[in-house]
Every structure is written in structure tokens, then in C-alpha cells.
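Chains as they are written, first to last, in full-length UniProt numbering: chain A, 1 to 346; chain B, 1 to 346.
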DNA sequence: CGTTGTCATGTGAGCGTTAACAATGCAGTG
DNA sequence: CACTGCATTGTTAACGCTCACATGACAACG
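In C-alpha cells, the structure reads:
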């Protein structure tokens, strides 16, 4: 052991290790790269020298000659949100176990130029592939246009994106939620949608709508929010104006929280008077008042699957899948119940 | 304009640009590095050739010769949580505007070996500095031991860490919350603390305790949670056993959410019977039932300040500050009110 | 005993860039 | 007109590594 760490005041290089071990630099390289053509005794001498000098290979030099940076890039818009943050986390873990580094670049705005700019930034860093966490239609649209010498994979960007990627089956989740509410006896289900420029919002809305249509239930007007609890609160106030509302399907949990708050304030019983369903199953959802019935999606899994897809492309594996669809799951909690008896004369 | 993008089937290099522009590769390099000793006309010819070939400099080659990777590393434990996610976001943005790339490495576990491992991983990637988002005592302790050839800065790791860093003044925030509750006339304030191995949890608890001590108020036993809403719920159930509780200061908003839920379930009025204060001011806090009085800390700002600190160290600026303390702010909402009249015979 | 093959190791070139220095041209000066 | 000085450009050598190939040793083979 030991931590000389410098040779003549500079970081040790391969030649220093070679000299100390009494071999050529190439033999050191072989040891480092697990080349089988090295005698066991020599290998140990080299490893000893490496430890003695606390030598670390220079990645820039290696990248220069191998043309492989071992780095993947992640482009994202707002990693402050629970979903994107969890996907990023999943990506990093999967990347590490696949032997890649992860470099991040966030988007200034959602237009195509910004997406191209972020991809270029990563390209400047010689990433071998790019993952994009940007579920907005505009970003995905831009993605299809992006010039990139390396593979690009979208994570959590709806299901119809033109680029390869991993996504949750939003429509199926929305259908499950809506069907469940109908089964409880509600005449119809109102919907608090996400921003219309998000693919997920579109898909959830479409799923909700298709179930109502299939069941012959009336399709109420949609109230739109921006995913925030604040916007859910406002949507809730709006829904309160209509006394016929007995069931609400919100496009995410945060908006559902806002809706719950508006209903609570107004003295409506949940689920006695009105049932509420969310989407995402954030960790707090079971501690809302009341605990929220919601559609669980596993963001971490999504990130991991996306990364696997990208690695397969980077390493040029044959028979590469282009799209992975992860199934969400309806989680039933206390915010949903059978429809209240219809008001007399309704 | 144009996107030849390849020369003889490979990425164009500086020599290709030079040939097309009719200059030497060194002149191309000068243009790229804004060297003033280039005639305007030549510069334009070179820029044209660069665009024509869609040439991008090879960062590995540049890093190899300049010994500067333009990359900073971020070590974090769980970027799924709102605080860490926001700090990471702030860091990335500040890094971009300072001209650095950001590479991430998450911790397997919280022991010293894992911290060293993550730092080494980044070091292998030739980062010029490392930011650590790991507010646990164990991680910070390990940090002080970490061997690293590059500067290390801690972000949001309490105020007494031994490494340089940016942190929120947790004690001040906790004092403000506790004082406010006492001013409202509560005889004392109960505390739902975070995990004792987090510096923030320790500091908040210390701030709370000091105010009670100074005011001569009784110091109730602390209930500890793990930051999650679930643990807050359990803490709430525990607090309900004691009828004298009229004010609760929770070490974060998620636990406060759990407490609110437990109290709501038990039919206690908030704030009529019991006042509750949180810490963090997550975006949802104003939509809890009731809206949560809490201590706001600006995580993004924290990340930016930490990054500035690191950049100053990396670029060897004189008079570098070692620590930055960001002041939190008490935000008053509907979950707090004057103490209820003391029960007769109390 | 020469030939062939295989293992273990070394040698030299080259990856694409920047740094240091050299060279050129041209204006201004005495 | 030679001489200095400055602006502009070119030439060459690193940077630290891997790849392709060369070399040497030694066993197996006919």
C-alpha cells in the first residue's frame, strides 16, 4: 500500500508504473485491460506498482485513442419534479452497473433549439448516447429532428413518440382509473387534465375519454391544470360549481391534492360525496386526507429500462427493441367509494 | 451552412477544417480559442469551413493536452427527494453558465467506503472538482477523510461540516418556527425530528431545544421519524396519546403531512386544537389540509452557491470563502393559531 | 535438428488537440 | 536601405494511452 500519488511532483502515468514494475508500458496497459496474455507473477508486480503510486489511468488519453468515452448523456427539463427526478435516479444506477458515466444537461426552454443545444453540449463532451427526459410534445417533436451522431432514446415520453424509448402505458392507466370509478356506480367521471403539450397528459385524457365513450357515459368538459397542486385547487373550485360531479380523475397526484383541498374546504365529503383518483402514486399519496386512490407508475424502472435500451443501441446489439411499454397499476385507497344516491328529481 | 459531417467517412478533425480553409491546423485552433492574433478575414474563412464540415472539437484531445476537463462531479445519495433534486438542478444550471459540464455519481450506501468509491469514480473521469449532496453525518464524516486531488465542496450538509460548503442555517429556521409558536401562546412545542444521523435533523432539533430552554418552557420528549409522511403519521399517532400537545414543530413538510393526517383522522382541529409547523416549504405545502406554516429554504439557491464556491476553488481564486450560510424564512399559513384555552384544572 | 506454434513481452505509431517556438511579411525608423 | 518591431501564420513536439506488429523464448512436432 502507500500513496505516493506524485512522481517528481506530477500525477503518475503509465510509464511510471512500468518503470517501477520493471516492465513496458504496454504490459501495464494489458494488466489494466484484463488481457489474458500476462504472466500471473508479472500481473501482480504491476498491480503492486499501481497501488504503490496510487496510479489512475487518464481517461482523456484512453478516450482519445479508443474513441469511447464510457459516458452517456441525460437531457432533462425540470428534474425538480418527482417523476423526472426518479427517472434520472434510475438511469444513473443502471448506468453505473452497465459501466457508464452519466453527464447531465438541462433544457433552458422547451423549443427545438434548446433541445438541439443540449444535445450538442453533450456531444461536445463526447457522450456515446443520449437519454431525453422531456415528456412535452414540443420537446419530443424536436427530438425527432435532432441531428446527432449518437443514438438517442426518450424516457417517459408518452407512447407514440417517433424516437425509441421507454414509457408508461398512460392510456391503460387512465382507462383503469376511469373504469374503476364507473364500476363504483358513478354516472360519469370528470377529468382534471395536465397541460395539453405534454404527451402524458394527452394519453391520459384519451384513455379517460375512450372508457366513457365505450360505456355510453356523458363526456364532461375537461378542466386543465399545469400539474401543480395550485392548479388542481383551482380546478377543484371550478368543479364545485357543478353539483352533479361525483367522481374526478386527476392526471396526477399533485393536482389531486389541490382538488382534495378545494373539496375539503367546501365541506364536501370525500369519498362520501365525491370520489377522487390521481396518477403517479407519489410517496405522499397515502397520507393525503383522505389517502389517495391513484395509478402507480414506477419511474425508476422506466429510467432503468430506457438506459438498457440505449446501451443496447450504443453497443450495437442485434435485435434491439425500439420501444418498451411499462404497465401502470391502479392502487385503491380511501378517496374513492360508491356513488352517493342520486339527488331526488335529478 | 451545410452538414457534410464526415470526411472520408469519419468525423472531421481540425486538420480537415484547416485544409478546407487553406490555413494550418494551429490557426484553426486559434480561432476556436479566441486568440486575437488572427486576421479577421482568416477567422471568417475558418469559421465558414467549420460550419461547412459541421466540425466539433474533440474534447478528449483537448483535455489531454490542457489537463482541464471542464467537468465537475456531483455525488449524491437520493436525488428522488425534493431537496436533493432541487439542489442538483440548481447546480447544473450554475455549472452551465460557468462553462462546466456536470457528471453525476450516486452513493450505494452511506458509509465512508461508498463515498470514497463515488469520489474515485468521478476522479476516474477527470473531474476538476466535486460537489457532495449528502446531508448525513456519516457521509460528511467520510467526506473529511476522502482522498482527493481535486477540491470537494459539500452542499446542504448542515452548518458545522469540516469541509467547505453551502448550507441553510437550520438552527435559525428551527428557532424562528419555535419562537413563533411560543409567541402564539403555546405553553411549549413538541418536535417531530428527522433521522438522527442527518445533520439537518440535528441542527433543527438543537434550534428548537435552545428556544424552549431560553424561554423556560418544558422540553418534551422528541419523536423521531425518517422524513417520510408515513413516519410523520406514526409520530402523529404517538402525539395524540398526550392530550396536552397544542403545538408541533416537524423537521420537514412530509412528516408534517403525516402528522396532519393523523390529527385529522382523530378529529382534532387544526389549528383550533393543535398547531403544526413544517420545514422546507415544498410546493405542495400550501395545499395541505390546512395549508402548512413552514420554514422555507431555497434549495436551488443552495446548489448555485455551492457551485460558485467550488468553481472559485477550482480556478484558484484568492480570498475564497469556505462556507456560505443561507438564511431560511418562516412562511405563515393556516396550520398555526393561538393556543386553545387551557383545560380546566390543567 | 529445423520448423512451427504459442505465450509473454516490447517497440513504434498515432489518436486530435494545444503550447512553444520559428518564420514570414510588412510598416516604420534612422 | 538595412534594421527593428509587430502582426500573422506555420512547424514541431508533447499530452498519456491503445493498437498493430515485432521479437524472443520455449515447447511440441515431424
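Every residue gets a Cβ at the ideal spot worked out from N, C-alpha and C, and that includes glycine. The structure displayed is predicted, hence computed values, not measured ones.
Ordered along the chain, which non-local residues of its own chain (more than five positions away) have a Cβ less than 6 Å from that of residue i?
i	result
residue 139 of chain A	110 and 115
residue 262 of chain A	233, 236 and 237
residue 334 of chain B	290 and 291
residue 189 of chain B	178, 181, 247 and 249
residue 153 of chain A	131, 164, 165, 306, 309 and 310
residue 137 of chain B	197 and 199
residue 108 of chain A	114
residue 87 of chain B	133, 155, 156, 299, 302 and 303
Note down the Cα distance separating residue i from residue j, rounded to an integer number of angstroms.
i	j	result
residue 283 of chain A	residue 45 of chain B	58 Å
residue 68 of chain B	residue 173 of chain A	48 Å
residue 35 of chain A	residue 29 of chain A	8 Å
residue 196 of chain A	residue 245 of chain B	46 Å
residue 22 of chain B	residue 14 of chain B	12 Å
residue 11 of chain A	residue 73 of chain B	20 Å
residue 303 of chain A	residue 89 of chain B	18 Å
residue 380 of chain A	residue 269 of chain B	This structure cannot speak to residue 380 of chain A, because chain A is shown only from 1 to 346.
residue 104 of chain A	residue 255 of chain B	31 Å
residue 265 of chain B	residue 186 of chain A	26 Å
residue 167 of chain B	residue 100 of chain B	22 Å
residue 221 of chain A	residue 324 of chain B	51 Å
Could you work out which residues of chain B lie near residue i, taking near to mean beta carbons separated by less than 7 Å?
i	result
residue 85 of chain A	79, 80 and 85
residue 212 of chain A	None at all; the shortest Cβ gap to chain B is about 27 Å.
residue 261 of chain A	287 and 289
Enumerate in chain order the residues of its own chain whose CB-to-CB distance from residue i is below 8 Å, with the five nearest sequence positions on each side excluded.
i	result
residue 295 of chain A	173, 174, 176, 177, 277, 278, 279, 280, 281, 328, 329, 330 and 331
residue 184 of chain A	247, 275, 336, 337, 338 and 339
residue 259 of chain A	192, 232, 233, 235, 236, 239, 248, 250 and 276
residue 171 of chain A	159, 203, 204, 206, 207 and 210
residue 63 of chain A	69, 70 and 126
residue 57 of chain B	14 and 32
residue 47 of chain A	31
residue 313 of chain B	129, 151, 153, 164 and 320
Residue i by DSSP, collapsed to three states: which one?
i	result
residue 184 of chain B	coil
residue 56 of chain B	coil
residue 63 of chain A	helix
residue 211 of chain A	helix
residue 10 of chain B	strand
residue 76 of chain B	strand
residue 193 of chain A	strand
residue 323 of chain A	strand
residue 129 of chain B	strand
residue 347 of chain B	Residue 347 of chain B cannot be examined here, being either before or after the span of chain B that is shown, 1 to 346.
residue 136 of chain A	strand
residue 329 of chain B	strand
residue 336 of chain B	coil
Take residue i and list the residues in its own chain whose beta-carbon comes closer than 7 Å to its own, dropping the five residues that flank it on each side.
i	result
residue 85 of chain B	79
residue 230 of chain B	258
residue 252 of chain A	194, 227, 278, 279 and 280
residue 145 of chain B	112
residue 217 of chain B	182, 187 and 188
residue 213 of chain A	219
Using a cut-off of 9 Å between C-beta atoms, extract the partners of residue i located in chain A.
i	result
residue 233 of chain B	286 and 287
Anything in chain A within Cβ reach of residue i, meaning under 7 Å, just list it in chain order.
i	result
residue 101 of chain B	103 and 125
residue 63 of chain B	60
residue 254 of chain B	284
residue 258 of chain B	287
residue 229 of chain B	283, 284 and 287
residue 56 of chain B	123 and 124
residue 209 of chain B	Within 7 Å Cβ-Cβ: nothing; residue 209 of chain B doesn't reach chain A, min ~27 Å.
residue 43 of chain B	Simply none; closest approach about 21 Å.
Could you name the residues of chain B that residue i contacts, counting a contact when the two beta carbons are closer than 8 Å?
i	result
residue 268 of chain A	Correct list: empty, because the minimum Cβ distance to chain B is about 12 Å.
residue 264 of chain A	289
Could you tell me which chain A residues have their CB closer than 8 Å to the CB of residue i, listed as they occur along the chain?
i	result
residue 106 of chain B	89, 92, 93 and 96
residue 69 of chain B	60
For a contact defined as C-beta to C-beta under 9 Å, what are the partners of residue i on chain B?
i	result
residue 170 of chain A	By Cβ distance, chain B contributes nothing, its closest Cβ being about 21 Å from residue 170 of chain A, past 9 Å.
Go through the segment 81–117 of chain B residue by residue and report every complete run of the alpha helix (DSSP H) that reaches 4 residues or more, in order. 82–97
Could you pull out every unbroken beta strand (DSSP E) segment of at least 3 residues lying fully inside the segment 257–298 of chain B, listed in chain order? 275–277 and 294–296
Complete runs of the beta strand (DSSP E) confined to the segment 221–254 of chain B [at least 3 residues]: 247–250
Whole alpha helix (DSSP H) runs in the segment 151–178 of chain A with 4 or more residues, listed along the chain? none
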